[in-house]
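First the structure, in the form of structure tokens, and then the observations on it.
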């Protein structure tokens, strides 16, 4: 006797599912509604039985496909955004989905334009895929407008780079910054490079196509003398796994690098506060202390904060807030962009710069990475050179 289908709860997605005739159906998050959907599916004639069109079901199918056909980083990029979206609309059917649902979800005031863009295009890509795969006939978001991303305008000249590098006391972080600035490599390349990628004889890293951003060809990163020296030292220390690691021996990742840049920004800002002699207003500190949580958790136990604790916390947080306003916040991508601009200013032709940066399309250099428009003196000299 054939086994009768029975709904089951998928914990990782927090939804009820059932498998009928080898096809999985997502029934919803509410158990009562899931059982009603299950009974409705069972009442359908076998040959005309159709899959549910719940939004969470389409997202599940899309993420399953991404996990099989794209990199782990790409899967995680989609997963975190789409999971948040279905958490916002857990019981929505695709037929009910409208562009305003996506815009409302992505339109949190604290989000940057780039964050909103990435959220909106993740959902739109999911629905477009569903139509292409035959899961849906129409894409309800086909005409949804997605905002353009903000271009990264930060340029770090050599003198500024060496000035902020003086504030970096962690040699491990300094090595990562210097190698990125001197090679123009992508952040994911410096964070993932291993000893097996390094060719010291020719001063380069070589990523095979399957590990490169452009999967059709190997990615070659050529190193400066200092970058090659650092790579050689790290190879002796770490024969397997990522070369660039923090003081605890843990590989750097985007989050730990981001935290390190945050600390650097605060450190530089505090130095500026000290230089100018600026002090916090005591009344502002006292007022801010009133808004703070009055207890802290110590080993699982809530402990009341003393008035002195609250004032100290308020002063620390306001100092950090002011410090962030006085110092720039750098990133590995800003260093990569700056490498491109420095190379162009030093006379390297644009095609060579694009190849060294690993661009499949050389026009990307002009659209995104060079900041020569911020250097009118250089442009004036080039214009006069062209007309002479």
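Numbering (the working numbering), first residue to last: 45 to 432.
For each residue, glycine too, the CB sits at the ideal point set by N, CA and C.
Can you tell me which of 78, 325, 110 puts its alpha carbon nearest to the alpha carbon of residue 177?
Across the set 78, 325, 110, the C-alpha of 110 shows the shortest separation from the C-alpha of residue 177.
What is the C-beta distance between residue 85 and residue 64, in whole angstroms, given that I count them as a contact (C-beta under 8 Å)?
6 Å
If you run the structure through DSSP and keep just helix, strand and coil, what is residue 92?
In this prediction, residue 92 scores a pLDDT of 39, lower than 50, which makes its location untrustworthy; the coordinate-derived value is nonetheless stated afterwards. It is helical.
For the segment 92-158, list the alpha helix (DSSP H) runs that are entirely contained and at least 4 residues long, ordered along the chain.
99-113, 116-132, 143-150
Under the three-state DSSP convention, the category residue 189 falls into
coil
Helix or strand or just coil, what does DSSP make of residue 180?
coil
Using 8 Å as the threshold, is the segment 203-214 in touch with the segment 126-140, meaning 3 or more CB pairs across them?
no
Flag this pair as yes or no: are the beta carbons of residue 311 and residue 363 separated by less than 8 Å?
no
Under the three-state reduction of DSSP, which class applies to residue 389: helix, strand or coil?
helix
So that I know if they touch, is there some Cβ in chain B lying closer than 8 Å to that of residue 406?
Within the model displayed, chain B is absent; a lone protein chain is all it includes.
Nearest-angstrom Cα distance between residue 234 and residue 285?
12 Å
Report the three-state DSSP secondary structure of residue 225 (helix, strand or coil).
Looking at residue 225 - three-state DSSP - the assignment turns out to be helix.
Distance check for residue 291 and residue 95, CA to CA, integer angstroms please.
For residue 95, the predicted structure reports a pLDDT of 48, less than 50, and the residue's modelled location is therefore unreliable. A value from the coordinates is still provided. Within the model, the alpha-carbon separation for residue 95 versus residue 291 is close to 52 Å.
Residue 323: first and last residue of the uninterrupted beta strand (DSSP E) it sits in
No beta strand (DSSP E) holds residue 323; DSSP gives it neither H nor E.
Proximity of residue 215 and residue 287 at Cβ, strictly below 8 Å
no
Looking at the secondary structure, which residues open and close the alpha helix (DSSP H) in which residue 439 lies?
Absent from the model: residue 439. The displayed extent of the chain is 45 to 432, so no value can be given.
Please go through the same chain and pick out, in chain order, the residues whose beta-carbon is closer than 7 Å to the beta-carbon of residue 99, but skip the five residues on each side of it.
130, 133, 136, 137, 138, 141
I'd like to check one pair, residue 104 with residue 57: are the Cβ atoms closer than 8 Å?
yes
Straight-line gap, residue 224 to residue 217 (C-alpha atoms, nearest Å):
11 Å
Which residue from 180, 49, 106 puts its Cα closest to that of residue 79?
49
For residue 282 and residue 126, what's the separation of their Cα atoms in angstroms?
36 Å
Can you name the start and end residues of the alpha helix (DSSP H) that residue 397 belongs to?
394-401
Inter-residue spacing [alpha-carbon to alpha-carbon] between residue 370 and residue 317:
8 Å
Whole-angstrom distance between residue 116 and residue 91, CA atom to CA atom:
In this prediction, residue 91 has a pLDDT of 45, which is less than 50 and means its spatial position is unreliable; what the coordinates show is noted afterwards. When rounded, the distance between both Cα atoms is 37 Å.
Give the secondary structure of residue 45 by DSSP, where H, G and I count as helix, E and B as strand, and everything else as coil.
With a pLDDT of 45 at residue 45, under the threshold of 50, the predicted position of this residue should be treated as unreliable, and no value is reported.
Three-state secondary structure (DSSP) of residue 202
Three-state result, residue 202: helix.
Going by C-alpha to C-alpha distance, which of 326, 145, 378 sits closest to residue 302?
378 is the residue among 326, 145, 378 whose C-alpha sits nearest the C-alpha of residue 302.
Taking the alpha-carbon positions, what's the residue 241 to residue 355 distance?
51 Å
What separation, rounded to the nearest whole angstrom, lies between the Cα atoms of residue 359 and residue 59?
45 Å
Helix, strand or coil: how does DSSP classify residue 168 here?
Three-state DSSP puts residue 168 in a helix.
Whole angstroms are fine: how far does the CA of residue 164 sit from the CA of residue 425?
If you take the alpha carbons of residue 425 and residue 164, they lie about 43 Å apart.
Residue 274, enclosing beta strand (DSSP E) - first and last residue
Where residue 274 is concerned, there is no enclosing beta strand (DSSP E), although the alpha helix (DSSP H) it sits in stretches over 269-281.
Buried or exposed (CB count within 10 angstroms, at least 16 for buried), residue 52:
exposed
List the DSSP bridge partners of residue 231.
Looking at the DSSP assignment, residue 231 forms no beta bridge with any residue, so it has no partner.
Residue 236 classed as buried or exposed, judged by whether at least 16 other C-beta atoms fall within 10 angstroms
buried
I'd like the list of long-range same chain contacts for residue 332, defined as Cβ closer than 8 Å, with 5 residues on each side in sequence excluded.
358, 361, 362
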